[in-house]
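See below for the structure under consideration.
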Amino acid sequence: MKVLDSDLLIGIMKKNSDAFDWFEASKNSREDLATTALNAQELLYGSLLTINPSEGYRLTAEFIKSLSILDLDLESAELSSRLRSELKKKGQSIGIMDEMIAGICLRNDASIVTRNTKHFSRVGGLDVEKW
Numbered sequence: 000m001k002v003l004d005s006d007l008l009i010g011i012m013k014k015n016s017d018a019f020d021w022f023e024a025s026k027n028s029r030e031d032l033a034t035t036a037l038n039a040q041e042l043l044y045g046s047l048l049t050i051n052p053s054e055g056y057r058l059t060a061e062f063i064k065s066l067s068i069l070d071l072d073l074e075s076a077e078l079s080s081r082l083r084s085e086l087k088k089k090g091q092s093i094g095i096m097d098e099m100i101a102g103i104c105l106r107n108d109a110s111i112v113t114r115n116t117k118h119f120s121r122v123g124g125l126d127v128e129k130w
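Residue numbers (numbering that gives the first Met the number 0): 0 to 130.
Here it is, written out as structure tokens:
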């Protein structure tokens, strides 16, 4: 399973050629594509700040519903808490949102597809794919 990070989702919605090409190729390869509820929140929030919030929200929600959504359950929370404390002790924190997203990916044995490889590559055991 591949979890699409917010930067990729935004790129797809804005029809960025690299993002859109990656998405189309992955759909054709029948990859199981997902995102997290946290990424969904980031996109929905951003859509409400656009020039036409009602239309932006509708289109964003429609797109997000086409993906599997992974939640922050208790096991994901435990994993992200451990991860957060380990990274903080090393002085390598990546931010609470990315730490929770990483915990969700680890819990679901999923890779993360992102351009934010600098952050996610700090997470041991997480497969990071750059789009």
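Quick reminder that beta carbons are idealized off the backbone N, C-alpha and C, glycines included.
| Item | Value |
| --- | --- |
| Local conformation of K98 per DSSP, three classes | The sequence as given places Glu at residue 98; Lys does not occur at that position. DSSP places E98 in helix when its eight states are reduced to three. |
| Nearest residue (CA-CA) to E74, options K14, V112, S120, G102 | G102 |
| C-beta atoms of V68 and A36 nearer than 8 Å | The residue you asked about is not Val; residue 68 is Ile in the sequence shown. For I68 and A36, yes; Cβs fall inside 8 Å. |
| Supposed close pair T34, L58 - CB separation, criterion 8 Å | That belief does not hold up - the Cβ atoms of T34 and L58 are roughly 15 Å apart, past 8 Å. |
| Backbone secondary structure at K1 - three-state DSSP | strand |
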